[in-house]
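Q: Per this note's numbering, residue 8 is the first one in the sequence shown, and the count goes up by one each step.
Please find one structure pasted underneath; my questions will follow.
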Amino acid sequence: MTTLRLGTSSYSYWHFTPEKTPLETVMDEAHKLGLNGVEILHRQMRSEENSYLQSLKRHAFHLGLDLYNLSIHQDFIWEEAEERQKQIDHTLRCIDLAHEMGISSIRVNSGGWRKEGSFDDLIQAKGWVEPWEGYTKDDGMQWCIDSIHACLPHAEKRGVMLLLENHWGL
């Protein structure tokens with residue numbers, strides 16, 4: 008029989024107070040709730056220094072928690088190749104961060120057609136955003152595929168799985 012293991016994402020603690028909730032506090036709360044692990048939101052990390060990474064890893068270990076995923080916020084949908092390369096470079100860096108923290112996977116986004124409007128507008132449109140003028144959904148899909156393929160050798164070398172989340176409009 009498989010045991011259900013439950014965790015939380017630090018994202019769940021992100022928007023509830025004006026101050027950023029420290030990741031250590033998220034871990035403490037997960038432990039109090041009897042959860043098994045925490046997904047770390049990269050944007051909530053206060054540093055990428057090794058000493059900070061190892062302190063998070065150690066804190067989770069002392070609480071008996073797994074750090075099971077690193078959620079990153081890159082976007083592979085850019086018409087400019089240089090911008091896509093910046094997103095690839097960010098992803099490669101996050102693969103290294105996950106490896107250093109003993110996290111076996113990162114969540115990557117497909118990306119989306121960034122347009123003006125509110126989140127409510129996006130929900131009203133059921134998440135669909137039309138491609139930019141002169142481009143098609145297939146263009147965006149190919150940019151995403153090519154970008155992920157560029158990251159795979161490094162992810163394999165570091166032993167980190169890439170988990171794809173389709174993101175608004177693609």
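Positions of the beta carbon are idealized from the N, C-alpha and C atoms, including for glycine.
Over what stretch of residues does the beta strand (DSSP E) that includes R114 continue unbroken?
A: Along the sequence shown, one-based indexing puts residue 114 at 107. Its beta strand (DSSP E) spans residues S112 to N116.
Q: Using 8 Å as the threshold, is the segment 86-105 in touch with the segment 46-60, meaning 3 or more CB pairs across them?
A: Result yes; three or more Cβ-Cβ pairs closer than 8 Å.
Q: Taking its Cβ as the centre, do 16 or more other Cβ atoms sit within 10 Å of I47, making it buried, or is it exposed?
A: Here residue 47 refers to the residue found at position 40 of the sequence shown. Buried is the call here.
Q: As an exercise, report each continuous beta strand (DSSP E) stretch of at least 3 residues that is fully enclosed by the segment 53-89, in chain order.
A: With a minimum length of 3 residues, the continuous beta strand (DSSP E) runs that stay inside the segment 53-89 are 73-78.
Q: Give me the residue from W120, M108 and Q131 with the minimum Cα distance to G141.
A: Here residue 141 corresponds to residue number 134 of the sequence shown, with the count starting at 1. The residue with the shortest Cα to Cα distance from G141 is W120.
Q: Just how far apart, CA to CA, sit H80 and V115?
A: In the sequence shown, residue 80 corresponds to position 73, counting from 1. In the sequence shown, residue 115 corresponds to position 108, counting from 1. About 7 Å.
Q: Give every residue of the same chain whose Cβ lies closer than 8 Å to the Cβ of G166, excluding the five residues on either side of it in the sequence, and list them in chain order.
A: In the sequence shown, counting from the first residue as 1, residue 166 sits at position 159. For G166, where only same-chain residues beyond five positions count, the Cβ hits under 8 Å are H106 and S111.
Q: I'd like the list of long-range same chain contacts for D128, defined as Cβ closer than 6 Å, with 5 residues on each side in sequence excluded.
A: As a working note, residue 128 is residue 121 in the sequence shown. Counting only Cβ-Cβ distances below 6 Å, and skipping sequence neighbours, we find nothing.
Q: Give the secondary structure of E140 by DSSP, where H, G and I count as helix, E and B as strand, and everything else as coil.
A: Within the sequence shown, numbered from 1, the residue matching residue 140 stands at position 133. Reduced to three states, the DSSP call for E140 is coil.
Q: Do the segment 122-139 and the segment 71-79 make contact, defined as three or more Cβ pairs closer than 8 Å?
A: Short answer: they don't touch.
Q: Are the Cβ atoms of I113 and L42 separated by less than 8 Å?
A: Counting from 1 along the sequence shown, the entry for residue 113 is found at position 106. Counting from 1 along the sequence shown, the entry for residue 42 is found at position 35. In this structure, L42 does not lie closer than 8 Å to I113 by Cβ.
Q: In whole angstroms, give me the CA-to-CA distance for Y18 and D146.
A: By 1-based counting over the sequence shown, the position of residue 18 is 11. By 1-based counting over the sequence shown, the position of residue 146 is 139. Between Y18 and D146, the C-alpha separation is close to 30 Å.
Q: Do R91 and G44 have their beta-carbon atoms positioned less than 8 Å apart in this structure?
A: Residue numbering aside, residue 44 sits at position 37 when the sequence shown is read from its first letter. Residue numbering aside, residue 91 sits at position 84 when the sequence shown is read from its first letter. No, Cβ-Cβ distance for G44 and R91 is not below 8 Å.
Q: Q61: buried (16+ other C-beta within 10 angstroms of its C-beta) or exposed?
A: Taking the sequence shown and counting its residues from 1, one reaches residue 61 at position 54. Burial call: exposed.
Q: Would a C-beta distance cut-off of 8 Å place W183 and F68 closer than the cut-off?
A: Missing from the structure shown is residue 183; the chain here goes from 8 to 177 and no further.
Q: With 16 as the cutoff for other CB atoms within 10 Å, does L159 come out buried or exposed?
A: By one-based count along the sequence shown, residue 159 stands at place 152. Looking at its Cβ environment, which holds fewer than 16 other Cβ atoms inside 10 Å, L159 is exposed.
Q: Give the secondary structure of L170 by DSSP, where H, G and I count as helix, E and B as strand, and everything else as coil.
A: As a working note, residue 170 is residue 163 in the sequence shown. If DSSP states are grouped into helix, strand and coil, L170 belongs with the strands.
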